[in-house]
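See structure below.
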Amino acid sequence: QKEVEQDPGPLSVPEGAIVSLNCTYSNSAFQYFMWYRQYSRKGPELLMYTYSSGNKEDGRFTAQVDKSSKYISLFIRDSQPSDSATYLCAMSDDGNKLVFGAGTILRVKS
Amino acid sequence: DVKVTQSSRYLVKRTGEKVFLECVQDMDHENMFWYRQDPGLGLRLIYFSYDVKMKEKGDIPEGYSVSREKKERFSLILESASTNQTSMYLCASSQGPSGNTIYFGEGSWLTVV
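Residue numbers (our numbering), protein chains in the order written: chain A, 1 to 110; chain B, 111 to 223.
Structural data, given as structure tokens:
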């Protein structure tokens with residue numbers, strides 16, 4: 001079993017939809033949780049960062065962490081074609097060495 | 111803006127060749143990392159370094175070595191390239207134990223034939 005599980009998709013939604021992306025994990029020591037966005041043939045860029053449990057909102061993006069269920073989510077409101085990318089969840093126990101999910105491919109159709 | 115620069119974006123090498131992938135960061139970060147990314151597997155940590163001349167193995171170090179002679183530069187070395195090392199290689203740097211300061215380079219696409 002992988003330490004971090006993420007559905008690879010692809011997930012295809014119409015423009016304006018609410019998108020929900022999820023990861024589950026098995027290591028209860030993880031306390032740093034991140035979401036990265038990666039466009040084709042580019043490096044990942046940090047989108048959201050959460051320490052420990054709770055919610056964090058930044059514009060159209062909301063990150064949720066439920067440590068009791070070992071489950072994290074990223075919600076994208078009013079999705080745009082420019083949101084089409086691969087979304088990677090990542091987590092860490094020490095804040096440095098990241099363990100990544102496999103990534104979910106998102107396609108937003110106009 | 112933080113910049114992590116990987117000098118070679120696309121490389122084609124022959125089996126058995128020695129390959130050097132160079133990474134330079136311009137923010138005086140202490141920590142540097144090398145990952146490889148493969149479809150369906152996500153990013154996997156090869157080696158990392160928390161200080162000059164220091165290195166530690168990640169999850170998949172076999173077939174790789176690294177060098178960090180200067181704080182800003184972290185090199186990944188494939189001693190004898192093999193076809194199963196065809197992949198995208200990503201360098202990253204960070205400052206301190208906070209996950210929100212990890213920055214990635216654009217990636218180096220290596221094909222071994």
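Yeah, the Cβ is synthetic: ideal placement off N, Cα and C, and Gly gets one too.
1. So is A/S26 buried or exposed if we call it buried at 16+ other beta carbons inside 10 Å?
2. Looking at chain A, is there any beta carbon in it that lies within less than 9 Å of the beta carbon of B/F143?
3. Who are the near neighbours of A/S20 in its chain, counting only those whose CB is closer than 7 Å to its CB and skipping five residues on each side?
4. Beta-carbon separation of A/R107 and A/I18 under 9 Å?
5. Under 8 Å between beta-carbons, which chain A residues line up against B/S159? List them in chain order, please.
6. Using a C-beta cutoff of 9 Å, does B/Y213 count as contacting chain A?
7. Would you report the Cα separation of A/C23 and A/S79, rounded to the nearest angstrom?
8. Taking B/E132 as the reference, give the member of B/M164, B/Q205, B/Y199 with the closest Cα.
9. Looking at the structure shown, is B/N141 part of a helix, part of a strand, or coil, going by DSSP?
10. Whose CA, out of A/Y51, A/D83, A/S92, lies closest to the CA of A/P14?
11. Considering only C-alpha positions, which residue in the set B/Q116, B/I187, B/E127, B/Y120 is nearest to B/T193?
With the structure as the only source:
1. As a working mapping, residue 26 of chain A is identified with position 26 in the first sequence. Result: exposed.
2. Residue mapping note: residue 143 of chain B aligns to position 33 of the second sequence, counting from 1. Cβ-Cβ to chain A under 9 Å: yes for B/F143.
3. Looking up residue 20 of chain A in the first sequence gives position 20. The beta carbon of A/S20 sits closer than 7 Å to the beta carbons of S73, F75 from its chain, once the five residues preceding and following it are set aside; these are given in chain order.
4. If you number the first sequence from 1, residue 107 of chain A lands on position 107. If you number the first sequence from 1, residue 18 of chain A lands on position 18. No. Outside cutoff.
5. Numbered from 1 along the second sequence, position 49 holds the residue referred to as residue 159 of chain B. Neighbours of B/S159 on chain A: none; closest Cβ ~11 Å, over 8 Å.
6. Translated into positions along the second sequence, residue 213 of chain B becomes position 103. Yes - at least one Cβ of chain A is within 9 Å of the one on B/Y213.
7. Along the first sequence, read from residue 1 onward, the residue named residue 23 of chain A stands at position 23. Along the first sequence, read from residue 1 onward, the residue named residue 79 of chain A stands at position 79. Between the alpha carbons of A/C23 and A/S79 lies a gap of roughly 19 Å.
8. Position 22 of the second sequence, counted from the first residue, corresponds to residue 132 of chain B. The shortest Cα separation from B/E132 among B/M164, B/Q205, B/Y199 belongs to B/Y199.
9. As a position in the second sequence, residue 141 of chain B is number 31, starting the count at 1. In the structure shown, B/N141 sits in a strand (DSSP, three-state: E or B).
10. Residue numbering aside, residue 14 of chain A sits at position 14 when the first sequence is read from its first letter. Looking only at A/Y51, A/D83, A/S92, the smallest Cα-Cα distance to A/P14 is reached by A/D83.
11. For the purposes of this step, residue 193 of chain B is identified with residue 83 of the second sequence, where counting begins at 1. Minimum Cα distance to B/T193 is reached at B/E127.
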